[in-house]
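Participant:
Number of protein chains: 2
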Amino acid sequence: MSANESPVGQAPTQPTAAYESAFMKACRREPVPHTPVWFMRQAGRSLPEYRKVREGIPMLESCVRPELVTEITLQPVRRHNVDAAVYYSDIVVPLKAIGIDLDIKPGVGPVVEKPIRTRADLAQLRDLTPEDVSYVTEAIGLLTRELGATPLIGFAGAPFTLASYLVEGGPSRTYENAKSMMYGDPELWADLLDRLAEITAAFLKVQIEAGASAVQLFDSWAGALAPVDYRRSALPASAKVLQAVAGYGVPRIHFGVGTGELLGLMGEAGADVVGVDWRVPLDEAARRVGPGKALQGNLDPTVLFASKEAVEAKTREVLDSAVGLEGHVFNLGHGVMPSTDPEALTRLVEYVHTQTAR
Amino acid sequence: MSANESPVGQAPTQPTAAYESAFMKACRREPVPHTPVWFMRQAGRSLPEYRKVREGIPMLESCVRPELVTEITLQPVRRHNVDAAVYYSDIVVPLKAIGIDLDIKPGVGPVVEKPIRTRADLAQLRDLTPEDVSYVTEAIGLLTRELGATPLIGFAGAPFTLASYLVEGGPSRTYENAKSMMYGDPELWADLLDRLAEITAAFLKVQIEAGASAVQLFDSWAGALAPVDYRRSALPASAKVLQAVAGYGVPRIHFGVGTGELLGLMGEAGADVVGVDWRVPLDEAARRVGPGKALQGNLDPTVLFASKEAVEAKTREVLDSAVGLEGHVFNLGHGVMPSTDPEALTRLVEYVHTQTAR
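For the protein sequence lines, the chains are A and B, in the order given. Numbers 1 to 358, taken from the numbering used here, label the letters of the first sequence in order. Numbers 1 to 358, taken from the numbering used here, label the letters of the second sequence in order.
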């Protein structure tokens, strides 16, 4: 499949069944039989069957084994009856694939051996080719055959978030090194993000060409930026990524945490669907994003630790705030937390489906 | 000094010099000779003289020694020429003072021996009396003599943030235990916050009666809540605290991080000055807060790692967004980061003073 200039909603080479799913219709802002549901991090630590198949296998190793990726991606679809699968991976996978020396340490997160701090350090970044991630192509081939009518969402980390990891060398609460570069050497910062935009775009193209029906660009940490800084120092690279895959006609979801002030800009960057964390009610989010885009979200993931009745009451609030949206994909406002009871997730899918059945 | 019903701006027993300072005038939304500046966490780890006097003294121990508290509180006033001192303490000090078994572990934060998870656990909380914190009264007595015309800001953690620590048992990124109680047992949660409101109000009263010219209620983690949950489950207790000290006529500052969606509600809770983190431009914050309140903020603290020119450019953006505010207290959008160069802070005070001199 090659890129073409068709707008979202005209992707003739999409498998018809997935293309006609509730999830895809909601992304395209078409009428839906029910509000579609999926969960960020649905494939992962909350599931005992996930912990079982991951036993003894390091995180990044698990991401490069096509059969394992396929199994883990399918697990929540089988269990929860969600309306979409999300490709099991990690945002640092494309960086690892081009040879950056990094690892995901349990309980810590991604740790980069040689953080990028100078122009010379940019030499660590080279273009990503489909051969670098042949396991992705293989896994998505397996997945689309298994998934049938259930669409698969591909994903990648956005350049700002990837840059934050690369410059900090690991997770950070303050991003002081990344922001030092952003404020102190804006040219180097822009060049770094531009390189990451190319890599990210190439990684998403691989996923779409292999059969992903939609993509989500995760800018996990963009919420650390004031709007003026996001516009100047993060948006251009995200826009480059989203523009690079525009021609495929697959819906592009754009999400970050704590991004209430950035929702309009994240839409402007080229999203078809803007993901909203739980801090902004969906009706207010719609006002900020403006017309012509669907929204995704936004139940506080910690609500799932409360009683069934409390979950339903809070879910009702989300559904009420979504009345009148052009398109709504139900999701949590952030990823599933590891200690979440999987049964609560299954019940939540069922609840949203029955409450919104038309 | 006893509480009286005078509104903010009429506190006849205030020392005249401090009462007439730029900081106090800005809080009262009166004309100022220059925009006043202070920094959250100005008394602390960024200063070598602080690290020196703290050597070998655990954090909570340092908070109960009046002479040490006085020295640490004065250090940034001497060094930076800030317009206000902020009382050196920690938000868990009043909890420790009523006998909660907790400690501040270096590199971790407050750790509570027996987290509050059930109604029976509430028995750990008793009323706070001035005798429990006699070191506060003593230190503020010493401080006000030394400070002269420089006002002293007292402070306390807000009930939601204190409850989060007590329920989690320590710092958390997700507040899953606290939110489980909040969503799952709203009555227990409300009772917990109400008890904490009484303790917090008593603690602020001690500081005001000892001579604090203003107070700041820190709801550090309120930004984890959606507006509907903040209104229902956090605001009532904060309002009770702020109302309890309203009669003293000292300005009440109310601040949290990531609270863009909550600014209006945090004002409604009874603040005279609403603190704004760096994510929301001050003009937009003013729109959300509405008339009749001053604002405090909001330079991204990581900007201080960049060059002098970059700091000035970003400071200029903050000052430009503050044009037209009824009252503006310049501050960072969050606390000073430990690795900040103290000279950068001194230069920043000087820059704001010269740029805003009238």
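Here a beta-carbon is modelled for each residue, glycine too, at the ideal position from N, C-alpha and C. In this text the structure is predicted, and so the values were computed from the model without any measurement.
1. I'd like to check one pair, A/G223 with A/R41: are the Cβ atoms closer than 8 Å?
2. So what's B/K105 in DSSP terms, helix, strand or just coil?
3. Which class does A/A156 belong to by DSSP, given the choice of helix, strand or coil?
4. Sort B/P186, B/S220, B/R279, B/E309 by Cα distance to A/P186 and report the nearest one.
5. Listing by chain order, which chain A residues have their CB less than 8 Å from the CB of B/T302?
6. If B/L196 and B/L162 are in contact, beta carbons under 8 Å, what's the gap, nearest whole angstrom?
7. Along chain B, in chain order, which residues have C-beta atoms closer than 7 Å to that of A/E317?
8. In terms of residues, what are the limits of the beta strand (DSSP E) holding B/H80?
9. Find the nearest neighbour of B/Q216 within the set B/L152, B/P236, B/Y19, judged by alpha-carbon distance.
10. Below 7 Å on C-beta distance, what does A/E261 contact in chain B?
11. Within 8 Å of any Cβ in chain A, is that where the Cβ of B/Y310 sits?
12. Do the stretch 226 to 239 of chain A and the stretch 135 to 148 of chain A touch if we need at least three Cβ pairs shorter than 8 Å?
13. With a Cβ-Cβ cutoff of 8 Å, do B/T150 and B/H328 count as a contact?
14. Three-state secondary structure (DSSP) at B/Q216?
15. CA-CA distance, B/G258 and B/A226?
16. For B/G297, which of helix, strand or coil comes out of DSSP?
17. Would you say B/M337 lies against chain C (beta-carbon separation less than 8 Å)?
18. Helix, strand or coil: how does DSSP classify B/I57 here?
19. In chain B, which residues lie with their C-beta within 7 Å of the C-beta of A/F359?
20. Using 8 Å for Cβ pairs, my map puts A/P171 next to A/T200. What's the rounded Cβ distance?
21. Can you tell me which of the three DSSP states A/L122 falls into?
22. So B/S192 is in the beta strand (DSSP E); what residue range does that whole segment cover?
23. Does the CB of A/A285 have a neighbour CB from chain B at under 8 Å?
24. Return yes when the Cβ of B/R252 is within less than 8 Å of the Cβ of B/L242, no when it is not.
25. May I ask which residues mark the beginning and end of the alpha helix (DSSP H) holding B/H353?
26. Consider the Cβ of B/K105: report whether some Cβ of chain A lies at a distance smaller than 8 Å.
27. Give the residues of chain B in contact with A/S307, contact being defined as C-beta atoms less than 7 Å apart.
28. So which residues on chain A does B/K314 lean against when the C-beta distance must stay under 8 Å?
29. Check this for me: beta carbons of A/H206 and A/T137, under 8 Å apart or not?
30. Going by the DSSP bridge assignment, what does B/I253 pair with across the sheet?
31. By a C-beta neighbour count over all protein chains shown, 10 Å radius and 16 as the cutoff for buried, is B/K293 buried or exposed?
32. Report the rounded CA-to-CA distance for A/A65 versus A/E268, giving the unit in angstroms.
33. Of all the options B/A246, B/G260, B/A120, which has the alpha carbon lying nearest to the alpha carbon of B/W189?
34. Does the stretch 47 to 55 of chain A come close enough to the stretch 173 to 184 of chain A to have 3 or more Cβ pairs within less than 8 Å?
35. Quick one: using the 10 Å Cβ neighbour count with 16 as the cut-off for buried, is B/I57 buried or exposed?
36. What would DSSP say about A/P110, mapped onto helix, strand or coil?
Facilitator: So, from the data block:
1. no
2. In this structure, DSSP gives B/K105 an extended state, which the three-state scheme calls strand.
3. strand
4. B/E309
5. T174, Y175, E176, K179, S180, Y183
6. 5 Å
7. V228
8. In this chain, B/H80 is not harboured by any beta strand (DSSP E); it is covered by the alpha helix (DSSP H) spanning 66 to 80.
9. B/L152
10. G260, R279, V280
11. Per the sequence shown, residue 310 of chain B should be read as Ala rather than Tyr. True, the Cβ-Cβ gap to chain A drops below 8 Å.
12. Using a C-beta cut-off of 8 Å, the stretch 226 to 239 of chain A makes no contact with the stretch 135 to 148 of chain A, since fewer than three inter-stretch Cβ pairs fall below that distance.
13. no
14. strand
15. 11 Å
16. strand
17. Absence of chain C from the displayed structure is noted, the protein chains being A and B.
18. coil
19. Residue numbering for chain A in the displayed model covers 1 to 358; residue 359 of chain A lies beyond these limits and cannot be assessed.
20. In fact, because the Cβ distance is near 19 Å, the residues do not count as touching under 8 Å.
21. helix
22. As written in the sequence, residue 192 of chain B is Leu, which differs from the Ser given in the question. Here B/L192 belongs to no beta strand (DSSP E); instead the alpha helix (DSSP H) covers 186 to 210.
23. no
24. yes
25. 342 to 356
26. no
27. G184
28. Y183
29. The sequence shown places Val at residue 206 of chain A, rather than the His named in the question. It is a contact, given that the beta carbons lie within the stated cut-off.
30. B/Q216, B/V273
31. Counting the other CB atoms within 10 Å of its CB gives B/K293 a total of 16 or more, which places it among the buried residues.
32. Correcting the residue type first, residue 65 of chain A is Arg in the shown sequence and not Ala. In a straight line, the C-alpha of A/R65 is about 36 Å away from that of A/E268.
33. B/A120
34. Contact fails: fewer than three Cβ-Cβ distances are below 8 Å.
35. exposed
36. strand
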